[in-house]
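Chemist: Position 22 of the sequence shown, counting from 1, maps to 24 under this note's numbering, and the rest follow consecutively.
In this text, a Cβ means the ideal position worked out from N, Cα and C, and glycines have one as well.
Have a look at this one before I ask anything.
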Amino acid sequence: MAIDVMEQMRGTFRTEALDLLIELDSALLSLEAEPGDSSLVHRVFRAIHTIKGSGATAGFAHLARFAHKMEEAFDLARAGHLPVTPELIDCGLKACDVLRVIIEE
Numbered sequence: 003m004a005i006d007v008m009e010q011m012r013g014t015f016r017t018e019a020l021d022l023l024i025e026l027d028s029a030l031l032s033l034e035a036e037p038g039d040s041s042l043v044h045r046v047f048r049a050i051h052t053i054k055g056s057g058a059t060a061g062f063a064h065l066a067r068f069a070h071k072m073e074e075a076f077d078l079a080r081a082g083h084l085p086v087t088p089e090l091i092d093c094g095l096k097a098c099d100v101l102r103v104i105i106e107e
């Protein structure tokens, strides 16, 4: 029975995470157009943070570790220690693709 509960959690996580990835893609593309908009940096950070935390809870440890690295970069950007550059946005978009593959496996 515990396996059923865990599988339900994983299924729910997958559905919610795919929605969050749409939000993350959208926020990153908006940030690309407006790299100085701190509210967009916060949107990106929140989406990654939620994916990381929910993924860890649902047993996706490898996803959580990967998302944590992305989260760290955008936390630095939030704090003003890392500039929002086209390279950072590109890295974020590629990371979204990797997260999507991990979630859909």
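Looking at C-alpha atoms only, which residue of D27, A60, L42 is the closest neighbour of D77?
Modeler: In the sequence shown, counting from the first residue as 1, residue 77 sits at position 75. Comparing Cα positions, the closest option is L42.
Chemist: Under 8 Å between the Cβ atoms of I104 and F62?
Modeler: The residue given as residue 104 occupies position 102 in the sequence shown. The residue given as residue 62 occupies position 60 in the sequence shown. Cβ atoms of I104 and F62: closer than 8 Å.
Chemist: Near I53, what residues of its chain come up, given a Cβ to Cβ distance below 7 Å and the 5 sequence neighbours on each side ignored?
Modeler: For the purposes of this step, residue 53 is identified with residue 51 of the sequence shown, where counting begins at 1. Around I53: A19, L22, A69, L101.
Chemist: What residue does the alpha helix (DSSP H) around D39 start on, and which one ends it?
Modeler: As a first step, residue 39 is located in the sequence shown; it is residue number 37 there, counting from the start. Element bounds for D39: n/a, residue is neither H nor E.
Chemist: Could you tell me whether the region 29–41 touches the region 8–15, where touching means 3 or more Cβ pairs closer than 8 Å?
Modeler: By the Cβ criterion, the region 29–41 is not in contact with the region 8–15, since fewer than three pairs of Cβ atoms, one from each stretch, lie closer than 8 Å.
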